[in-house]
Amino acid sequence: MVLTRFLISVPTALLVIGLTSPSWADFKTGVQAYGRGDYRTALNEFRPLADQGQAQAQDYLGQMYANGQGVPQDHVEAIRWLSLAAEQSLPIAQYHLGLMYQKGRGVPQHYAQAARWYRLAADHGHVAARASLGLLYLDGLGVPQSYEEAKHWLHLAAGQGNALAQLQLGNLYKDGRGVREDYVQAHMWFTLAALQGLKEASTLRDALAQRMTRRQIAEAQQLAREIVPRQWTWTVDMNGDTIVTISDVQGWIEWAFYYPGDLAIHHFLLPNRRLAQFFELTPLSYQGKLSFIVSLGLWGLLGILLSRSRRAVKRISAGWRRRRRMSGDRKRKEVASLTGPAGS
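Offset between the sequence shown (1-based) and the working numbering: plus 528.
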């Protein structure tokens, strides 16, 4: 079954993602309880849903067993639940399962299996999985060592704002591994990683600056200033004529709940009411994190995704633009404080 137009009713959409209204209410209650540290309530809400095969609940339950939250820590049980969710193509569960294989928790350490699950999640755009896969290629763990492949995956993750990927990508440019040596690019990526609190990135950037000209430093600083607002908005280009499958729809909505950095999904329709050609995934403030998305409620989220009302979409768009502009202004100020005036 395919959808050539994404103008479907809310009840249909609820069936598409496997969350009927009652189960959504239970899941929402579980997520809210988990967020405030009430693991007993979260467990009571997630377990019945997980037993029914609901992938998101299975992932939460797996994480609770992995971390000993509300249950005795049990990595084997964590693997069981994460595997069930991952096999349903839930990217966050695929990433979590890869992490368990990489660390040897609940299973013998197996880098090839870690790489396999990371790749599946990375192919769906999961930023942490992309960074982790890049690091495996960098070190040749579970995959053939390849600076080119490492650069590919690290660049994708770095562009989505992953600080560790930005740091390692800066190192590749600094040393000319898998890419042409480029101090300007290295300085820029180190700056972006330092902005997120990586002290190692600050140290590497300052040391690199001693080998750069004033013009190169100014160029790197300007690039950082330009990239900061953009890296917090990841736009997925869609072709309006592309066949959209049920799994596509499920994946987009799952991104709204699970994407690292707590991204809210914003969908707007074209004037002719065709499937929108862009999804804008805009990071929210780390204050509130997932609770903001949960407080929006699935009805509100689907209202954004499915609304045929151009007036409503216009209001939603304006609100997101204001949020993004304010976030961009804050980040530019932080970059300026880290880099100093251009050319300094």
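For glycine and all other residues, C-beta sits at the position ideal for the given N, C-alpha and C.
Please report the straight-line C-alpha distance between residue i and residue j, rounded to a whole angstrom.
| i | j | result |
| --- | --- | --- |
| Q580 | V671 | 36 Å |
| H603 | L682 | 29 Å |
| W609 | G590 | 5 Å |
| R564 | A570 | 10 Å |
| A553 | A585 | 12 Å |
| R739 | G706 | 21 Å |
| N690 | I755 | 13 Å |
| F555 | L577 | 8 Å |
| Q673 | Q630 | 16 Å |
| S611 | Y623 | 11 Å |
| R896 | I745 | Since the first residue of the chain shown is 529 and the last is 872, residue 896 is not available in this structure. |
| Y562 | P619 | 20 Å |
| Q637 | A735 | 36 Å |
Measure the Cβ-Cβ separation of residue i and residue j and say whether it is below 9 Å.
| i | j | result |
| --- | --- | --- |
| T596 | F574 | Here the sequence assigns Gly to residue 596, which means Thr is not the residue at that position. Cβ atoms of G596 and F574: not closer than 9 Å. |
| L648 | A614 | yes |
| E677 | G662 | yes |
| L726 | L751 | no |
| G626 | S660 | yes |
| Y646 | R658 | yes |
| T719 | A693 | no |
| V655 | A685 | yes |
| A583 | G634 | no |
| H715 | R733 | yes |
May I ask which residues mark the beginning and end of the alpha helix (DSSP H) holding residue i?
| i | result |
| --- | --- |
| M592 | A583 to N595 |
| R603 | Reading off the sequence, residue 603 comes out as His, not Arg. That run of the alpha helix (DSSP H) goes H603 to A614. |
| V599 | Careful: V599 lies outside any alpha helix (DSSP H) and carries neither H nor E. |
| E677 | Y675 to G687 |
| V712 | Y711 to L723 |
| P636 | It is not in any alpha helix (DSSP H) - P636 carries neither H nor E in the DSSP assignment. |
| V655 | V655 to D667 |
| L692 | A691 to D703 |
| D579 | Y567 to D579 |
| S730 | K727 to A737 |
How about residue i: is its Cβ closer than 8 Å to a heavy atom in the ligand GTP?
| i | result |
| --- | --- |
| F555 | The ligand content of the structure shown is nil, which means the ligand GTP is not present either. |
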